[in-house]
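Trainee: Start counting the sequence shown at 250; every next residue gets the next number (UniProt numbering). Backbone N, C-alpha and C define an ideal beta-carbon position, used for all residues, glycine too.
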Amino acid sequence: AAPQPLAGKHVLITAGPTHEPIDPVRYIANRSSGKQGFAIAAAAQAAGASVTLIAGPVELRDPQGVRVIRVEAARDMLAAVEAALPADIAIFAAAVADWRVAEQGGQKLKKDGNGVPPLQLVENPDILATIAQRQHGRPPLVIGFAAETEHLIDHATAKLQRKRCDWIVANDVSPATGVMGGDRNTVHLLIRDGDQIRQEAWPLMAKDEVATALVQRIAD
Ligand code: C5P
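#1: For the alpha helix (DSSP H) containing T301, name the first residue and the last one.
#2: Around the Cβ of K357, are there at least 16 other Cβ atoms within 10 angstroms (buried) or fewer (exposed)?
#3: Considering only their Cβ atoms, is the gap separating A290 from K258 smaller than 7 Å?
#4: Mind checking whether the beta-carbon of L334 lies closer than 6 Å to any heavy atom of the ligand C5P?
#5: Are the beta-carbon atoms of I277 and A346 separated by less than 7 Å?
#6: Please enumerate, following chain order, all residues with a beta carbon closer than 5 Å to at least one heavy atom belonging to the ligand C5P.
#7: So for T263, helix, strand or coil by DSSP?
#8: Which ranges does the beta strand (DSSP E) cover as unbroken runs of at least 3 residues, wholly within the region 396-460, from first to last along the chain?
#9: I'd like to confirm the pairing. Which residues does DSSP put opposite G393 in its beta bridges?
#10: Could you tell me which residues DSSP pairs with D469 in its beta bridges?
#11: Is it right to say E352 is buried, meaning 16 or more other beta carbons lie within 10 angstroms of its own, or is it exposed?
#12: Mind checking whether V436 and W451 have CB atoms under 7 Å apart?
#13: Along the chain, where does the beta strand (DSSP E) that runs through D311 open and close?
#14: Nearest-angstrom Cα distance between E458 and P312?
#15: DSSP state of R383, grouped into three classes?
#16: I want to know whether the region 406-421 touches the region 431-445 - three or more CB-CB distances under 8 Å.
#17: What is the DSSP secondary structure of D272, counted as helix, strand or coil?
#18: Can you tell me whether E352 is helix, strand or coil according to DSSP?
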């Protein structure tokens with residue numbers, strides 16, 4: 250049988266985008282495919298973990314043997330994460346919308362001849378920061394992602410400090426990389442080590458391989 254280094258561990262993973270409703274038929278979204286988070290869920294399951302995957306709207310099938318909870322908006326994702334705790338390891342790979350529409354209409358917005366509707370945005374909860382800063386029941390290992398189009402390491406380091414997670418998987422999502430929606434990824438792993446931050450540059454790999462390598466690092 251395959252080695253099961255994560256046997257007995259509960260791994261909680263968020264993946265995909267969120268959809269923030271504008272009215273009953275429209276929403277704000279982003280280009281996250283969910284592929285990297287789903288690959289991590291499959292790899293953690295293969296390593297023997299009990300896995301809960303909380304997924305925004307994506308066109309991917311449930312990985313085998315993984316408990317999948319499908320949600321739409323950021324606030325639903327946070328509620329699902331809190332309901333799924335406790336966890337030994339939490340990995341926040343979702344591309345959560347930073348903002349939602351302040352007042353979501355109960356009816357479809359109409360072109361009524363009075364100009365364009367003003368869309369007032371308000372901030373969504375930061376799920377990673379909320380869980381990483383919990384006083385009670387914080388998972389012992391909290392891992393965030395940083396998708397950046399410039400100053401990758403600086404921005405990822407700032408994120409690690411500000412959100413107070415333990416590791417950050419940083420990836421360059423500039424359009425030229427093809428990472429968003431694609432099957433490959435080049436990541437840097439930032440690891441908090443006391444007051445220091447250690448940094449590993451990983452080569453270009455398939456998202457499945459990034460997932461396996463990350464699960465291996467967790468097991469180590
Ligand atoms: O700040 P930024 O969105 O770039 O941070 C990325 C990390 O924070 C990812 O791990 C993402 O899943 C998480 N995040 C979150 N909730 C938010 C925004 C980001 O969990 N509202």
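Mentor: Reading from the atomic positions:
#1: Along the sequence shown, read from residue 1 onward, the residue named residue 301 stands at position 52. In this chain, T301 is not harboured by any alpha helix (DSSP H); it is covered by the beta strand (DSSP E) spanning S299 to A304.
#2: Counted from its first residue, the sequence shown places residue 357 at position 108. By the 16-neighbour rule on beta-carbons within 10 angstroms, K357 is exposed.
#3: As a first step, residue 258 is located in the sequence shown; it is residue number 9 there, counting from the start. As a first step, residue 290 is located in the sequence shown; it is residue number 41 there, counting from the start. Cβ distance not < 7 Å, so K258 and A290 don't count as in contact.
#4: Taking the first residue of the sequence shown as position 1, residue 334 is located at position 85. No, Cβ of L334 sits at least 6 Å from all heavy atoms of the ligand C5P.
#5: Translated into positions along the sequence shown, residue 277 becomes position 28. Translated into positions along the sequence shown, residue 346 becomes position 97. Between I277 and A346, the CB-CB gap stays under 7 Å.
#6: With the cut-off at 5 Å, the residues found are F341, A343, V345, N373, D375, I376, L377, G393 and F394.
#7: As a first step, residue 263 is located in the sequence shown; it is residue number 14 there, counting from the start. Collapsing the DSSP output to three states places T263 in a strand.
#8: You should have 416-421, 436-442 and 445-450.
#9: Within the sequence shown, residue 393 is the residue found at index 144, counting from 1. In the DSSP assignment, the residues bridged to G393 are F341 and I417.
#10: Residue 469 sits at position 220 when you count from the first residue of the sequence shown. According to DSSP, D469 bridges with nothing at all.
#11: By one-based count along the sequence shown, residue 352 stands at place 103. With fewer than 16 other beta carbons inside 10 angstroms of its own, E352 counts as exposed.
#12: Within the sequence shown, the letter at position 187 stands for residue 436. Within the sequence shown, the letter at position 202 stands for residue 451. Yes.
#13: Position 62 of the sequence shown, counted from the first residue, corresponds to residue 311. That residue, D311, is in no beta strand (DSSP E); it is neither H nor E in DSSP.
#14: Walking along the sequence shown from the start, residue 458 turns up at place 209. Walking along the sequence shown from the start, residue 312 turns up at place 63. Inter-residue distance for E458 and P312 is about 16 Å (C-alpha atoms, whole angstroms).
#15: Position 134 of the sequence shown, counted from the first residue, corresponds to residue 383. Annotated three-state conformation of R383 is coil, per DSSP.
#16: Three or more Cβ pairs closer than 8 Å define a contact, and the region 406-421 meets that threshold against the region 431-445.
#17: Position 23 of the sequence shown holds residue 272. DSSP places D272 in strand when its eight states are reduced to three.
#18: Locating residue 352 in the sequence shown gives position 103, counting from the first residue. If DSSP states are grouped into helix, strand and coil, E352 belongs with coil.
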